Every structure is written in structure tokens, then in C-alpha cells.
Amino acid sequence: MVNNEKLFKFNGKFIFIGFGSVGQGFLPLLLRHVDILPAQIRIIAADERGRIEAESQNISFEINPLTPQNYRPILSSLLKPGDFLLNVSVNVSSLALIELCHTQGALYLDTCIEPWVGGYADTNLSLSERSNYGLREKALALREKLGSGPTAVLCHGVNPGLVSHWVKQALLNIAHDIGVNLEVLKTRHQWAKLAQMLNISVIQCAERDTQAIHPPKQVDEFVNTWSIDGFVSEGIQPAELGWGSHEKHMPFDGRRHGFGCDAAIYLARPGIQTQVYGWTPLEGAYRGFLITHSESISIADYLTVKEENKLCYRPTVYYAYHPCDAAVLSIHELNGKNFKLQSKTRLPVDDIFDGADELGVLLMGHVKGVYWYGSVLSIHEVRKLAPYNNATSLQVAAGILGGAIWAMKNQQAGIVEPDEMPFEDIQKVAAPYLGKMVGQYSDWTPLSGRGDLFEEDLDKSDPWQFKNFRAT
Numbered sequence: 002m003v004n005n006e007k008l009f010k011f012n013g014k015f016i017f018i019g020f021g022s023v024g025q026g027f028l029p030l031l032l033r034h035v036d037i038l039p040a041q042i043r044i045i046a047a048d049e050r051g052r053i054e055a056e057s058q059n060i061s062f063e064i065n066p067l068t069p070q071n072y073r074p075i076l077s078s079l080l081k082p083g084d085f086l087l088n089v090s091v092n093v094s095s096l097a098l099i100e101l102c103h104t105q106g107a108l109y110l111d112t113c114i115e116p117w118v119g120g121y122a123d124t125n126l127s128l129s130e131r132s133n134y135g136l137r138e139k140a141l142a143l144r145e146k147l148g149s150g151p152t153a154v155l156c157h158g159v160n161p162g163l164v165s166h167w168v169k170q171a172l173l174n175i176a177h178d179i180g181v182n183l184e185v186l187k188t189r190h191q192w193a194k195l196a197q198m199l200n201i202s203v204i205q206c207a208e209r210d211t212q213a214i215h216p217p218k219q220v221d222e223f224v225n226t227w228s229i230d231g232f233v234s235e236g237i238q239p240a241e242l243g244w245g246s247h248e249k250h251m252p253f254d255g256r257r258h259g260f261g262c263d264a265a266i267y268l269a270r271p272g273i274q275t276q277v278y279g280w281t282p283l284e285g286a287y288r289g290f291l292i293t294h295s296e297s298i299s300i301a302d303y304l305t306v307k308e309e310n311k312l313c314y315r316p317t318v319y320y321a322y323h324p325c326d327a328a329v330l331s332i333h334e335l336n337g338k339n340f341k342l343q344s345k346t347r348l349p350v351d352d353i354f355d356g357a358d359e360l361g362v363l364l365m366g367h368v369k370g371v372y373w374y375g376s377v378l379s380i381h382e383v384r385k386l387a388p389y390n391n392a393t394s395l396q397v398a399a400g401i402l403g404g405a406i407w408a409m410k411n412q413q414a415g416i417v418e419p420d421e422m423p424f425e426d427i428q429k430v431a432a433p434y435l436g437k438m439v440g441q442y443s444d445w446t447p448l449s450g451r452g453d454l455f456e457e458d459l460d461k462s463d464p465w466q467f468k469n470f471r472a473t
């Protein structure tokens, strides 16, 4: 049950950059849980989407697409110390906005590190340069440059975002269930040592979206339950994964970046053409797309153990995404047209008649096999919780709410990643909007049922090798 408890009284301006499905989904949560007046909120969007929803709440809405040439003149006069800028746009540089917010003394939060328009598909850039690894390294370099100052929360929706907190909760749950007595963990090194002690070889962000729509997907239409622009952009980036210390087989198309933390690799192929096996409690085994996400890199980096600069432990981490069935058909069609986007797009909300988004973290390799911990949120529950949402957008909005409340209460934390934030506080804020939080063990492995009808190149000596998960 959701109450209307106000979690923070906010006195500054709250500015949305972008107002697609996630922005629209978050607005009711902001008004419900932050003591703020509509007059304090302003929306700057690239198109008309969301105008009706904003103006129904008497909130200022303007169309003014941000570019490298105009963002400073537009925003500098608006942002004052203590204001909050929420970047839920596409094609607007996160790093440019973070640096401006730092100069202006304003708070900041986004759900991914965005480049300027064209950055994901710029053929003048190397695959490494247009990867999420490359974008994250630039963000960490900016943190080093700027030092302390106004809080800027990177990548805090659900994934990336809440999944980093769920990994910590899952580690504690496994430790408890096998009888490990723990003191309160306070440092990055302590969390990494716990993951090492539990022998966590692989962490998947394992998601199966079963939301079903009517009317069904049409020919030459891309359907998805969250930003089509965002999904296509990350889908045509190279597939990326945190690369574990247990891995023995570098993929034939695997590449190291040659700079930065070295916690991840990329594949010389797009995520929407790369499939892996995964598992969730309701669906069971499935094939998902290996879509690049920043949590694949940040979690792997956060849980790395080194001694005298020698790698001792790191889990393999990646996103195994099975979107709604209409989106799978849309991707198939998009791939067939060599990434030329369909002429029509649809982001369903009211036209969803059934289904749920099952999104969690799957920790593998420990003595109990695999453990999935996460949110199972049905469309029917969503409609009781918040308007303007489907299950996918509300899970993201819950993560934004948790991150935003923390930033409002901790206004001088500088640039922070989800892995560095207090997981219990943020989970508590987000939980009312996540449906049922499920923790479930299984004896599933990616070798289950494999190689019976056709011979496959598998490493049966270690089920947790990445080559066993990869399907295409």
C-alpha cells in the first residue's frame, strides 16, 4: 500500500530535461512524496510528448531541444544553488549538464550517461569510444576534475540504479541462508570480499517483460514498454559485460578497451544481435539480448578484489534482457532493415491488457546454485499505484525517486554511482512501487538441456563460463 508521506520539503526549482515515458511516470511520485508546488517545477522537452500530463498539473512545459550550442544559455539563467535538474532525455550530454550543474550549485540525477545526438552511432569513433565503458570513464574523469560539490547521481533508475542495491541485498540474503555471520558492511572492499567468499562467479541483470498489448504490433512499427529512442540507441552500441576473473575463454569477437579500470570487455557486435541464456522465477530459462548497461561495468568494478595491483577476484556482470514480445518482433524487424528504424513507433500504457515486468539480479556460482532477487510488478498493480505508467516505467520511476530523495538529503556528495550509495535507505523509498520483491533459488545452469539434439561448444567443467551463456 502506498501512502502520501512527504519525504522531503524541497524549496528550489525542479527542472525536467526530457519528458517521455520515464519523466511522465516519475511526475506523480514527485508530487506525492516531495513537498513541492507545481510552480517550482519546469519541464524542457524536445517534443510535445507529455504536455497534456504536465499541464493537467499546472506545470510549466516548453519545447526547446537542447544542443551543444544552446544548453548553457537556456539553463544558466534557470539553475540556482539548491535547484534540481533531472535528466531523463535522450541525445543530451549528461557530462555537459553535470558540469553546468556543478558550476551553478544545482543537484543532478540521470538514468544513463547520454552523449550528444549521434554519439552512439558516430562511425568516426571507435567501438570502445562509443561504449558505455568509455562514457563511464569520461564521467569518472570529470569527477576527478570537479572534486567535491553538489550531488550528481549517475545512472539511477532501476537498471542501472536499483539493481546495484539489489546485488548487496542478495549477497546478504545468500550469506544469511548459508549461515555466514556478518558484521555491518561499510566499505567497497568489504562487499567485494563477501562476493568473493560466496564464490559469486556471474551476476546477471535478468529481466523478462511479459506485458501484452492490444492492438498487436503492426508491420513497420517499433513497440517497446519504455523509450524506443533509448532502447534502439543502446541496442546498436557494442554488447558489453564486466569480465570475471574466473573466465577462461575470451570471446572470438571480444575486445579489451586498453584504458581505464579494465573491469569490462566489449564484443564487436551490437547488443540487439547478441543473445544469452538467463533465468527468472516466473519465466524460468529464456534467451535475452546482451544489451550494454553501465551497471554491467560499475558492479564488476565495485566488486573487484586486487592485492598489490594483481587481480584476485571479479564477477562477470551483464544485462540479459527479454523485452515484451512486441519489442522482440520489433527488434527482429529492425535487424532485418539493418538498423533503419520503423516509420511508426508506439510506447504502450493504456493498451497493455496483461502481463508483468520481472526484473532482478541473478547471482550464480555459490553453494546454493543461483539466486534471483528483484521486482515482479504486474500492469494491474501499476494501475493501482500511479498514473501515466506501465510496469517498466514505474520500476524506473521508483529508482529515480529513491535516488532523488537521497540527493536532496545529501546535497554535497559530488558525482556518485549507485554502487556507492546506501542501499537500504534507497530500497525503502523505492519499495512501495516495485510490486512483489522476490528472492528465489534454483538449480538452473546455462548447461541445462544443452547439447542433446545438436553438438555445442560448451565448457562442461565450469557452467559459469560466459561461453556457456552465449547463444548468438
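Positions 2 to 473 (my numbering) are the ones given, in order, by the sequence shown.
Glycine included, every Cβ here is placed at the ideal spot set by N, Cα and C.
Since the structure is predicted, the reported quantities are computational estimates derived from the model, not experimental observations.
Ranking 203, 418, 145 by CA distance to the CA of residue 366 puts 203 first.
Around the Cβ of residue 40, a 10 Å sphere holds fewer than 16 other Cβ atoms; the residue is exposed. With the rule of 3 Cβ pairs closer than 8 Å, the segment 395–415 does not count as touching the segment 127–140. Boundaries of the beta strand (DSSP E) around residue 441: 437–443. Restricting attention to 265, 185, 334, the CA atom closest to the CA of residue 297 is found in 265.
DSSP lists 243 as the beta-bridge partner residues of residue 265.
With 16 or more other Cβ atoms inside 10 Å of its own Cβ, residue 299 counts as buried.
Taking the Cα positions, residue 31 is about 31 Å away from residue 174. Within the same chain, Cβ atoms closer than 8 Å to the Cβ of residue 345 are found at 219, 221, 222, 223, the five residues on either side in sequence being excluded. Under the DSSP definition of a beta bridge, residue 7 lacks any partner.
Counting along the chain, no alpha helix (DSSP H) covers residue 113, and no H or E run does either.
Within its own chain, the residues whose Cβ lies closer than 7 Å to the Cβ of residue 404, once the five positions on either side in sequence are excluded, are 110, 154, 157, 162, 427, listed in chain order. Using a 10 angstroms sphere on the CB of residue 282, the tally of other CB atoms reaches 16 or more, which defines it as buried.
With contacts defined by Cβ atoms closer than 7 Å, residue 324 and residue 210 form a contacting pair. Note on geometry: alpha-carbon atoms of residue 74 and residue 339 lie some 38 Å from one another. Note on residue 418: 16 or more other CB atoms within 10 angstroms of its CB, so buried under the neighbour-count rule. The criterion of a C-beta distance shorter than 7 Å is not satisfied by residue 362 and residue 321. Only residues of its own chain outside the window of five on either side were considered, and among them 39 have a CB closer than 7 Å to the CB of residue 59, listed in chain order. Within the segment 373–425, the complete alpha helix (DSSP H) runs of at least 4 residues fall at 380–386, 392–410.
In summary, residue 285 is exposed, with fewer than 16 beta-carbon neighbours lying within 10 Å of its beta-carbon over all protein chains present. Apart from the 5 residues on each side of it in sequence, residue 179 sits with its Cβ closer than 7 Å to the Cβ of 368, 369 in its chain, given in chain order. If you check the CB distance, residue 416 and residue 27 do not come in under 7 Å. Going by C-alpha positions, residue 167 is about 23 Å away from residue 235. Collapsing the DSSP output to three states places residue 174 in a helix. Every alpha helix (DSSP H) of 4 residues or more that sits fully in the segment 286–320 is shown, in chain order, as 295–303. Inside the segment 320–367, DSSP marks whole alpha helix (DSSP H) runs of 4 or more residues at positions 326–337, from first to last along the chain. DSSP, reduced to helix, strand and coil, places residue 206 within a strand of the structure shown.
Using a Cβ distance threshold of 7 Å, residue 97 and residue 66 do not count as a contacting pair. Boundaries of the beta strand (DSSP E) around residue 43: 42–46.
Here residue 104 carries a helix assignment [DSSP, helix/strand/coil].
Contact annotation: residue 25 and residue 54 have beta-carbon atoms nearer than 7 Å. In this structure residue 181 is exposed. Its beta-carbon is surrounded by fewer than 16 other beta-carbon atoms within 10 angstroms. Here residue 35 has 9, 11 as same chain residues with Cβ atoms under 6 Å from its own Cβ, once five neighbours each way along the sequence are excluded. Taking each of 207, 83, 230 in turn and checking the Cα distance to residue 358, the smallest one comes out for 207.
The beta carbon of residue 355 sits closer than 7 Å to those of 213, 380, all from its chain and outside the five residues before and after it, given in chain order. Contact between the segment 261–275 and the segment 228–248 is present: 3 or more CB-CB pairs across the two stretches fall below 8 Å.
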